[in-house]
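Q: According to the UniProt record's numbering, the residues represented by the sequence shown are 15 to 584, in order.
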Amino acid sequence: NENSTLARMLIVFTVGGGGLMAYSDAKPENGMDVVNPSEADTRKKRVVVLGTGWAATSFLKGLKNSEYDVQVISPRNYFAFTPLLPSVTCGTVEPRSIVEPIRNIVRKKNIDVHYWEAECFKVDAENKKVYCRSNLTSNPNEKEEIIVDYDYLVIGIGARSNTFNIPGVAENCHFLKEIEDAQKIRRTIIDCFERASLPSLSDEERKKILHFVVVGGGPTGVEFAAELHDYINEDLVKLYPKVKNAVKITLLEATDHILNMFDKRITTFAEEKFQRDGIDVKTGAMVVKVSDKDISTKELKNGGAVSTMPYGMVVWSTGIGTRPVIMDFMKQIGQANRRVLATDEWMRVEGCNNIYAMGDCATINQRKVMEDILAIFGKADKDKSGTLTVKEFQEVLDDICDRYPQVGLYLKNNQMRSLTDLLKDSKGNAAKESIEVNLEEFKSALSKVDSQMKNLPATAQVAAQQGSYLADCFNRMEECEKNPEGPLRFRGEGRHRFRPFRYKHFGQFAPLGGEQTAAQLPGDWVSIGHSSQWLWYSVYASKLVSWRTRALVISDWGRRFIFGRDSSGI
Ligand code: FAD
């Protein structure tokens, strides 16, 4: 229960950053558990989950095993449906319609789940503790620090917006990552229109205030630019007719095209549509500085000329970076030279016991996967010969082909997969018991496909699938301990407990405004236009986390169709 849970936590109050007061009724000050051995055997294993985003929520929703004591820690006591955040910036959808309290999500579960509104600032892998801080104190100078022990730690704390340390970005730009960001953007758009409508302004000042700059031509930046264009043209020009000619939207992209992770047809369609809509798309333009009045860009072609333009609002959407707590943790575990936390295919953080990471804060280390594949063939492991039994060889190949389609394709093309057949006699029995693998040949085959084994994209789709995969592993932890169902271990004996994580791509959308969306579905099936917009409505409505949010979002869409978007500056 909650009291005993609290009793197993060490709570420290830091008053004014000064003295420490320790409250601990069940533990000594070093924070170690004071359960006696028999209690330790019977007590539930504690799973600490950091975050309430896509990965963590999907993990919590999937967790069914009541043998765990689950502690969820996040500064946000709700889950936010991020794909609809751009719609919140313009009032197409209300913020409350896309959030669900985490307590609501876990309420009906038959397992012990406790939530603490706090932010983790340190992970101590050696002593199996996380250090967290809560702002929820009556005294604003007082911060409450909480130290929580774990048996298993599941990290799903996402990422932060990446400013690339470009001067002035953090101070002067809007970001689009959290609900508060979207609300701030919504207010700022209306403020710009109200300011531009004041009587004392020159035309030039008006144009500056109504110049909206979006930096980043990825799906989020493009969707925001499209949404803003619709908002202005469908709603705001009717309310602010005198300033409508002063409005301008500029989309800046450093590479040659916007939406460059999509099919070429989508990129071309989007660029042409934006041109027709009057959105000024500047490609090959890299932002080098943002002051409180203007934004400077360097043209990547034409000798790198730097130009400066005044703006009223800048929205920065250029990708994601690692959170400080993760960077600190990476240094601690010898991953300081990496960009994001590396895990294996079972979501286990490399070099740590019982720590799992998923979603935007982590990535599966593909290079390690390659090394592991090589290790199967023995020679990478010093103590093994390069010989496998025919059965092992077939099993390993099947597993590789299954997990890494590109490698599988190569092997198939080079008939390596049918190698075992060649070893059979005319009756189909294995003529040889073992097989010597040409490691050099295999290595060169792998190096060709290596470049194609890219990191998984940082999307909600990946995070949600990783969360439910991990929940499934936790649900069957004991069962699979006894009957491992994974592939043969690349290193060591026996099999892995679980099958490795496999990502299933269901396609991606790029809403382009004017009730038109581009959809790229599996098999490179591309659809652009009004029909895809309806597909977008249906998919997003179905993916919302609860019936309550589904009903709210659908009614927001209906309200927008009938009455237009709200334009009050609150
Ligand atoms: P998040 O969902 O970001 O969750 C991180 C959680 O960790 C949050 O609850 C946060 O409060 C918490 N947290 C942060 N710091 C700490 C800390 N120190 N201690 C404890 N908890 C912490 N993806 C798609 O697939 N399709 C889309 O259409 C799409 N559209 C998007 C639109 C926008 C505007 C944005 C910003 C993203 C979009 N994405 C989309 C990407 C998607 O949102 C992310 O990939 C996804 O949120 C990653 O999930 P996550 O669980 O790793 O992180």
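Even for Gly, the Cβ is constructed at its ideal location relative to N, Cα and C.
Should MET275 be labelled buried (16 or more other beta-carbon atoms within 10 Å of its own) or exposed?
A: Label assigned to MET275: exposed.
Q: Is ASP374 a contact residue of the ligand FAD, with contact defined as CB to any heavy atom under 8 Å?
A: At least one heavy atom of the ligand FAD is nearer than 8 Å to the Cβ of ASP374, so yes.
Q: Report yes or no: do the stretch 141-158 and the stretch 350-357 share at least 3 C-beta pairs separated by less than 8 Å?
A: Flag = no, the stretch 141-158 and the stretch 350-357 do not touch.
Q: Identify the continuous beta strand (DSSP E) that holds HIS510 and give its terminal residues.
A: Here HIS510 belongs to no beta strand (DSSP E), and DSSP marks it neither H nor E.
Q: Rounding to the nearest angstrom, what Cα-Cα distance links HIS519 and LEU558 in this structure?
A: Looking at the two C-alpha atoms, the distance is approximately 18 Å.
Q: Which whole-angstrom value is the C-beta distance of GLY326 and HIS225, which I expect to be below 8 Å?
A: Rounded, the Cβ-Cβ distance is 5 Å, consistent with contact.
Q: What does DSSP give as the partner residues of residue 607 in its beta bridges?
A: The structure shown does not extend to residue 607, since the chain is modelled only from 15 to 584, so the question has no answer here.
Q: Looking only at DSSP bridge pairs, what is LEU150 linked to?
A: Bridge partners of LEU150: none, in fact.
Q: Would you decide whether ALA173 is buried or exposed? Buried here means 16 or more other CB atoms lie within 10 Å of its CB.
A: By the neighbour-count rule (16 or more Cβ atoms within 10 Å), ALA173 is buried.
Q: So the alpha helix (DSSP H) VAL339 belongs to, where does it begin and stop?
A: Run containing VAL339: 338-346, per the alpha helix (DSSP H) assignment.
Q: Taking the continuous alpha helix (DSSP H) assigned at HIS544, which residues delimit it?
A: Counting along the chain, the alpha helix (DSSP H) containing HIS544 begins and ends at 544-557.
Q: Hey, PRO514 and PRO501: beta-carbon distance below 9 Å or not?
A: Contact: yes.
Q: With a threshold of 8 Å, establish whether the CB of LYS345 neighbours any heavy atom of the ligand FAD.
A: Flag unset: Cβ of LYS345 not near the ligand FAD.
Q: Which first and last residues belong to the beta strand (DSSP E) in which TYR166 is found?
A: Here the beta strand (DSSP E) through TYR166 covers 166-169.
Q: DSSP three-state call for LYS262: helix, strand or coil?
A: Strand at LYS262.
Q: Between ALA70 and GLY481, what straight-line distance do the alpha-carbon atoms span, to the nearest angstrom?
A: Each residue's alpha carbon lies about 6 Å from the other.
Q: For the candidate residues VAL553, PHE135, ALA94, MET341, whose alpha-carbon lies nearest to that of LEU190?
A: Looking at the Cα atoms, ALA94 is the closest of the given residues.
Q: For PHE95, does the three-state DSSP call read helix, strand or coil?
A: Coil at PHE95, not helix or strand.
Q: Exposed or buried, THR282, counting other C-beta atoms within 10 Å across all chains shown (16 or more means buried)?
A: Flag for THR282 reads exposed.
Q: Determine the direct distance from the alpha carbon of GLU133 to that of HIS510, and round the result to whole angstroms.
A: Rounded to whole angstroms, HIS510 to GLU133 spans 33 Å at the Cα level.
Q: Suppose contacts are defined by Cβ-Cβ distances below 9 Å. Is ILE309 in contact with LEU266 by that definition?
A: Contact flag set, yes.
Q: Contact check, VAL302 vs VAL320 under 8 Å by CB: the rounded distance?
A: 6 Å between Cβ atoms; contact.
Q: DSSP three-state label for THR281, please.
A: Looking at THR281 - three-state DSSP - the assignment turns out to be helix.
Q: Helix, strand or coil for GLY572, going by three-state DSSP, please let me know.
A: The answer is helix: DSSP assigns GLY572 an H, G or I state.
Q: Applying the 10 Å Cβ sphere with the 16-neighbour rule, what's the burial state of ASP163?
A: By the 10 Å Cβ count, ASP163 comes out buried.
Q: Could you check what DSSP says for ALA565 in three-state terms: helix, strand or coil?
A: Looking at ALA565 - three-state DSSP - the assignment turns out to be helix.
Q: Is LEU215 near the ligand FAD, with its Cβ less than 8 Å from a heavy atom?
A: LEU215: no, Cβ never under 8 Å from the ligand FAD.
Q: Taking C-beta to C-beta, are PRO100 and GLU241 nearer than 9 Å?
A: Result yes, Cβ atoms of PRO100 and GLU241 sit closer than 9 Å.
Q: Hey, would you say the C-beta of THR473 is under 8 Å away from at least one heavy atom of the ligand FAD?
A: Yes, the beta carbon of THR473 sits closer than 8 Å to at least one heavy atom of the ligand FAD.
Q: So, using beta-carbon positions, are THR103 and ARG209 closer together than 9 Å?
A: No, they are not a contact pair.
Q: Which residues in the same chain as GLY33 place their Cβ atom closer than 7 Å to its Cβ, once the five residues preceding and following it in sequence are excluded?
A: In this prediction, GLY33 scores a pLDDT of 28, lower than 50, which makes its location untrustworthy; the coordinate-derived value is nonetheless stated afterwards. Around GLY33: no qualifying Cβ.
Q: For THR202, collect the residues of the same chain with a Cβ closer than 8 Å to its Cβ; drop the 5 residues on either side in sequence, then sort them by chain order.
A: Around THR202: HIS188, MET327.
Q: Leaving out the 5 sequence neighbours to the left and right, which residues in its chain are closer than 8 Å to GLN289 when beta-carbon positions are compared?
A: Closer than 8 Å at Cβ, skipping near neighbours: VAL295.
Q: Counting pairs of beta carbons, one from the stretch 219-234 and one from the stretch 553-568, are three or more of them closer than 8 Å?
A: Flag = no, the stretch 219-234 and the stretch 553-568 do not touch.
Q: With TRP130 as the anchor, note down where its beta strand (DSSP E) starts and where it stops.
A: It spans 126-131 - the beta strand (DSSP E) in which TRP130 sits, taken as one unbroken run.
Q: If you follow the alpha helix (DSSP H) that GLU219 is part of, which residue opens it and which one closes it?
A: Its alpha helix (DSSP H) spans residues 217-223.
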